[in-house]
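Here the structure is laid out as structure tokens; the discussion comes afterwards.
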Amino acid sequence: MVKLVAESLLKNPELLRGKVAIITGANSGIGEATAKAMNACGAHIIMACRSEEKAKAAIDRIQEHYKTNVSNDNQPPVEFMKLDLSQLESVREFVTAFESKNLQINYLINNAGCVFMDHGVTKDGYEQFFQVNYLSHFLLTRLLLENLKANNARILNLSSGAHKFPKRDKLPTEEELRTPMEKDYKMVLYGLSKLYMLLFTIELQKKLQGTGVTTFSIDPGYVKSELGQKDDTPGWMKLMTKPFELMFSKNVFQGAQTSLHCALMPLEELTPGEHYENCGITAKSKMATNEELQAELYRMTCKFLEIEQ
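Counting from 57, one number per residue, gives the positions in the sequence shown under this note's numbering.
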């Protein structure tokens, strides 16, 4: 049974009044559903997306949602800012542009992620799932960290139950992360990228202890917006998983509920650094609980990005 955030929160247009939320991938799917709900609660939304055309269409939908569901005309801003997670320079440009606005950040929701991509490396020389789903979000978070600290912000990192797919006892090597890794199914690569997001969430919370910033890992569940046919999953596996899809897949509103739970609930009712699913703490894989791997990934990522730990 899908747990939903209380209507008393979702229908309070003053709950987040004056707050600012950066949401990556907010022009569709779970990201858009999250943006709709938080804007209806009073938040100023920064849509960090690659496509301006898609973002503008999403802004129209978010504005219409506000008009339909909120009983006042005082809608907070919803604005597009370009962010291409396949390019580290785009992340840096986004941060520079955001800083020029002199806005606080109360919520950083690292929501964007690709499930189906061709094998390959980015212009920066990294395996695509690694950079788009994890590395660029790590850089974005680190570059915004001082602003986040100044506002006791919440950081939500979208992970997935797919983080349990990789069957390893160690992280990929730097060489592997700079090659297409064609020996692996794409869903395994996707799972690795979501494992990295979970490991990052846990390690970052340790490092931010006492700063007022809190981190949460989010498993949205099996969401219809993420389903597709452009992947290398064998046909027999698709047939076997079809009944599961029909029985257990969520719509995007349902998929956004755990993100909204960790964004809207009073902090004393949440556990920072934990992995949440269906609006509650859920089990992590053995790899995700390995403290050495948590620290190793953080160190390795800082080395790649040439930033201090």
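Using N, Cα and C, we set each Cβ at its ideal position, and we do this for glycine too.
Here the structure is a predicted model, which is why all the values come from computation and not from measurement.
Run through DSSP, which three-state label would residue i get?
i    : result
L200 : coil
E324 : helix
M343 : coil
I118 : helix
G311 : helix
Is it true that the CB of residue j sits closer than 9 Å to the CB of residue i?
i    : j    : result
G329 : T270 : yes
V134 : I101 : yes
K242 : F185 : yes
L159 : V61  : no
L71  : L320 : yes
K250 : A209 : no
E149 : N203 : no
F221 : L248 : yes
L353 : F256 : yes
H121 : A99  : no
L212 : C318 : yes
K157 : F136 : no
S315 : Y278 : no
L214 : N166 : yes
Check for me: the alpha helix (DSSP H) holding residue i runs from which residue to which?
i    : result
K75  : That residue, K75, is in no alpha helix (DSSP H); it is neither H nor E in DSSP.
K138 : From DSSP, K138 is part of no alpha helix (DSSP H) but of the beta strand (DSSP E) over V134 to K138.
I252 : Note that residue 252 corresponds to Tyr in the displayed sequence, not to Ile. K242 to K263 is the span of the alpha helix (DSSP H), which, as asked, contains Y252.
L233 : E230 to L233
L144 : L144 to E155
Y278 : Where Y278 is concerned, there is no enclosing alpha helix (DSSP H), given that its DSSP letter is neither H nor E.
E88  : G85 to A96
E183 : Per DSSP, E183 belongs to no alpha helix (DSSP H) and is neither H nor E.
L66  : E63 to L66
State the Cα-Cα distance for the pair residue i and residue j, rounded to the nearest angstrom.
i    : j    : result
E231 : E183 : 10 Å
D288 : A82  : Residue placement at D288 is flagged as unreliable, the pLDDT there being 49, under the threshold of 50; a coordinate-derived value is accordingly withheld.
Q350 : Y332 : 18 Å
D180 : K123 : 42 Å
L283 : K342 : Any answer about L283 is weak, because its pLDDT of 42 lies below 50 and its placement is not dependable; what the coordinates show is given next. If I take the Cα positions, the gap works out to 26 Å.
A153 : L200 : 12 Å
V177 : Q143 : 11 Å
C105 : A339 : 31 Å
F172 : N189 : 11 Å
N68  : S216 : 29 Å
L191 : T80  : 13 Å
S127 : A114 : 21 Å
D116 : G85  : 15 Å
T357 : K59  : 35 Å
D140 : D129 : 33 Å
T90  : L66  : 11 Å
R73  : L323 : 17 Å
H193 : L326 : 23 Å
A168 : S107 : 13 Å
T229 : Q265 : 29 Å
K286 : D174 : A caution first: K286 carries a pLDDT of 47, below 50, which makes its placement in the model unreliable, though a value can still be read off. Those two C-alpha atoms are separated by around 9 Å.
In terms of residue numbering, what span does the beta strand (DSSP E) encompassing residue i cover?
i    : result
I211 : R210 to L214
H175 : Careful: H175 lies outside any beta strand (DSSP E) and carries neither H nor E.
S305 : Segment: none, S305 is in no beta strand (DSSP E) and carries neither H nor E.
F272 : T270 to D275
A104 : H100 to C105
N166 : Y163 to N166
Y190 : Run containing Y190: none; DSSP gives neither H nor E here.
E333 : H331 to E333
On a Cα-Cα basis, can you pick out the residue from the options that is closest to residue i?
i    : options                   : result
G87  : C97, Q187 and M103        : M103
L164 : E108, F360, S273 and T327 : S273
F360 : Q187, K112, L139 and P276 : Q187
Q261 : S305, R198 and Q313       : R198
I78  : E109, S64, Q131 and K138  : K138
D225 : E348, S107, E63 and E362  : E348
N346 : E145, Y252 and S107       : Y252
N307 : Q313, T327, L326 and K280 : K280
Q131 : V147, K92 and E109        : K92
N125 : D275, E63, K110 and G169  : E63
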